[in-house]
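Residue numbers (our numbering): 5 to 95. Note that beta-carbon positions come from the ideal geometry of N, C-alpha and C, so glycine has one too. Just so we're clear, the structure is a prediction, and the values are computed from it rather than from any experiment. Notes follow once the structure below has been shown.
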């Protein structure tokens, strides 16, 4: 089995930290009913079953690096808070 050499978990964590607002912005967000959880960029990890289902739908095995990404986050929103991209699972 492929050993995922790129540490997606740390990379995505650092990327998320760059998008966390400062204290002043947090106060304004809370007043508007927006929480830090609402701003999370990463989706929960894809299950092995979701990844296998995506590969079956596509008729090919996903590249090891992308499989590693999906095992950490099943999608990622662009920093602007717009729509996201989901890889391994439904929708």
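Q: Can you say whether residue 76 is buried or exposed, counting buried as having 16 or more other CB atoms within 10 angstroms of its CB?
A: buried
Q. Between residue 74 and residue 55, is the Cβ-Cβ spacing less than 9 Å?
A. yes
Q. Around the Cβ of residue 71, are there at least 16 other Cβ atoms within 10 angstroms (buried) or fewer (exposed)?
A. buried
Q: Could you check the C-alpha separation between residue 50 and residue 23 for me, to the nearest Å?
A: 23 Å
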